[in-house]
Structure formats: structure tokens, C-alpha cells
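Numbering-wise, this note's numbering comes out as the position in the sequence shown, counting from 1, plus 682. Notes follow the structure.
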Amino acid sequence: MTTAALPARANPRARSETALIAAARLWFAVMAIGQAMFLYYIVVFYGPATLSGHFEGWARNANLITGYKAGDTVGNLSFGVHVMLAAVVTAAGLLQLVPQIRSRAPAVHRWIGRVFLAAAMAAAVAGLYGVWVRSASVDAANAIAITLNLVLILGMGGLAWRTAMRREFVSHRRWAMRTLLVVNGVFFLRIGIVAYGLIAKLVGPAIPGPEQFFDVWAFGCYLVPLAALEAYLFATAKAGSGARFAAAAGLGVLSALMTVGTAGAWFAFFAPVLAKL
Numbered sequence: 683m684t685t686a687a688l689p690a691r692a693n694p695r696a697r698s699e700t701a702l703i704a705a706a707r708l709w710f711a712v713m714a715i716g717q718a719m720f721l722y723y724i725v726v727f728y729g730p731a732t733l734s735g736h737f738e739g740w741a742r743n744a745n746l747i748t749g750y751k752a753g754d755t756v757g758n759l760s761f762g763v764h765v766m767l768a769a770v771v772t773a774a775g776l777l778q779l780v781p782q783i784r785s786r787a788p789a790v791h792r793w794i795g796r797v798f799l800a801a802a803m804a805a806a807v808a809g810l811y812g813v814w815v816r817s818a819s820v821d822a823a824n825a826i827a828i829t830l831n832l833v834l835i836l837g838m839g840g841l842a843w844r845t846a847m848r849r850e851f852v853s854h855r856r857w858a859m860r861t862l863l864v865v866n867g868v869f870f871l872r873i874g875i876v877a878y879g880l881i882a883k884l885v886g887p888a889i890p891g892p893e894q895f896f897d898v899w900a901f902g903c904y905l906v907p908l909a910a911l912e913a914y915l916f917a918t919a920k921a922g923s924g925a926r927f928a929a930a931a932g933l934g935v936l937s938a939l940m941t942v943g944t945a946g947a948w949f950a951f952f953a954p955v956l957a958k959l
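As C-alpha cells, this is what we get:
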């Protein structure tokens, strides 16, 4: 007796793999759009003032905790380097995830990767200076959250670099993805706060307010994306159909929240600042 192969639509494994791939592509599309908006904001607002040396222009952004400080030459230069490196990291990080570049132009992929990792780790060092020397944080707990984020950037970026040098490409790809997520902690922080604020308005006092959420999300803005990535990697490598469907659903929910948060962040944070130019 022979057993006919199940068609793809009736095969739970095939359907779960298709769902997970589709969810991952959706997440990447949302991430790419959000990052492009973030990059535009950085370049347009910070670029002219920073590159021309007119650092006082940063003061038009009322959301900055510690931006321009009169007489603080070293601190102002450090912040300027930090924001310009953020633009480089944002652009290079997204290019690194484009599979066509990796497969068709491996040399370009390698050089973009070197630029991304070097810029990310340099920006992290500048960020540490800002937190602990310029007091660029809300309070001690926030300083610890930012510091942990920056330490993870340095550690994971170093591991991504080392595995690339050793040609351990499977491990390198995973560390590079982890680095990309922790590097974008500030991006996730903003869109997460906006998304939660909108949810809090709908739900009302049944959940903690945005201020209380901020204290938790200061850590969650990089730990939650890391957890989501680990779930995705597990689902693609070892999990069964149920876990893959669950991972796909989770990515779908995250994509929806990111869409809401990105749109809200643009209108709440980025657009008002750009309107002052």
C-alpha cells in the first residue's frame, strides 16, 4: 500500500513554515519602514546642525534629556558623534538584512557589516559617556537600563565580529541579528511608549499609565525584541508546527504594534521637531 504525499496546504509543517516566513517578512517590512523614517529624522534634524558645528540647533528638540550644553565642548562633540553614528548604524543595519546583497555581493555585505559593527560599538561608547558623564538619563534606574543596553551592544557586536572573522557564518548571522535589535533600543523605546500610550487611552485605568510603563520598557525595549528573536530562531530550527504557528502569530502581533507605534511616534515625536526647522 502506498501513501500519497499531502499537498502543501494540508501539511501542517509546510503551512507553519509558510506562515512563519510570511510573518518574518511582514515584520521586516514594518521595521524597514520605521527605520527609514527614523533615519530621515536623524539626518534632517541633526545632520545640518552637527556637521556645521552649530550644536545649539539641537535645543529645538525639547525631548532631549541632555543635548547641547554651552561650554561643554567635549560633551557636545560626543553627542554629535553619537547621533551621526546612529544614522550610519541605522542605514547599514538595514542593508545587512537584505538577502540579495548577502548572496549577490558578499564583499559589499562584508564591508557594510564592518561599518555597522564599528559604528555601533563606537556609538555605544559615546552613549556610555553621555549617560555617566553628562547625566543623559531620567534617573538612576534609567541610567542602568541604558547602560545594560550599551553593554549588550558592545558584547554582541564583538561576538558578531569574532564569529565573522572565524568564518562561523551561521553563528555570525545570529549574533549580527541580536546586535541589530539591541542597537535599535532607542527606536523600540519610542514606538513602544507611543503604542502603549494609545492602548492606555483605550483601556483606561485598568492598566498602569505610560509613566509606570516607561520604567519597565526602558529595559524591555531591547530585551523583548531579543526574546522575540530567540523564539523565532528556535521555531525555525527545532520547533514543531504548533510552535512555528505561535511564533508567526507573535510576530504578527508585534508587527501590528510596531505599525501603530511607528505612526504614532512620527506624529508625536519626529514631525513636531522637524516642523521647527
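Cβ atoms here follow ideal geometry from the backbone N, Cα and C, with glycine treated the same way.
C-beta contact flag for residue i and residue j at 9 Å
{"i": "G715", "j": "T944", "result": "According to the sequence provided, residue 715 is Ile. The question's Gly does not apply to it. Contact: yes."}
{"i": "V807", "j": "L830", "result": "no"}
{"i": "L721", "j": "A800", "result": "no"}
{"i": "F870", "j": "Y904", "result": "yes"}
{"i": "M713", "j": "F952", "result": "no"}
{"i": "G946", "j": "G839", "result": "no"}
{"i": "S698", "j": "G924", "result": "yes"}
{"i": "Q782", "j": "L862", "result": "no"}
CB contact below 9 Å: residue i versus chain D
{"i": "G839", "result": "Structure shown: chain D not included; a single protein chain is present."}
Beta-carbon separation (whole angstroms), residue i vs residue j, contact threshold 8 Å
{"i": "A882", "j": "L939", "result": "Rounded, the Cβ-Cβ distance is 13 Å, inconsistent with contact."}
{"i": "V864", "j": "L841", "result": "Going by Cβ atoms, the distance from V864 to L841 rounds to 12 Å, so no, they are not a contact pair."}
{"i": "G749", "j": "W740", "result": "4 Å"}
{"i": "G934", "j": "L767", "result": "Their Cβ separation, rounded to whole angstroms, is 33 Å, which puts G934 and L767 out of contact at 8 Å."}
{"i": "F727", "j": "L959", "result": "7 Å"}
{"i": "R860", "j": "L908", "result": "6 Å"}
Reduced DSSP category for residue i - H, G, I as helix; E, B as strand; rest coil
{"i": "V815", "result": "coil"}
{"i": "E912", "result": "helix"}
{"i": "M683", "result": "Residue confidence for M683 is low, a pLDDT of 42 falling below 50, so the modelled location carries little weight and cannot support an answer."}
{"i": "R849", "result": "coil"}
{"i": "A827", "result": "helix"}
{"i": "K883", "result": "helix"}
{"i": "Y722", "result": "helix"}
{"i": "G922", "result": "coil"}
{"i": "M888", "result": "What sits at residue 888 in the sequence shown is Ala, not Met. It is coil, neither helix nor strand."}
{"i": "N866", "result": "coil"}
Environment of residue i [buried if 16+ CB atoms lie within 10 Å]
{"i": "G922", "result": "exposed"}
{"i": "G753", "result": "exposed"}
{"i": "R796", "result": "exposed"}
{"i": "G886", "result": "exposed"}
{"i": "A686", "result": "Confidence at A686 is low in this model, with a pLDDT of 49, below 50, so the placement of that residue is unreliable and no value is reported for it."}
{"i": "I889", "result": "exposed"}
(request) Answer yes if the region 759–771 comes into contact with the region 727–740, meaning at least three C-beta pairs across the two stretches below 8 Å, and no otherwise. (result) yes
(message) For the pair the region 866–880 and the region 892–905, tell me if three or more CB-CB distances fall below 8 Å.
(response) yes
(message) Contact between the region 813–825 and the region 769–778 is defined here as three or more beta-carbon pairs at a separation below 8 Å; is this criterion met?
(response) no
(message) When you compare the region 921–933 with the region 695–706, are there three or more beta-carbon pairs, one atom per stretch, that lie closer than 8 Å?
(response) yes
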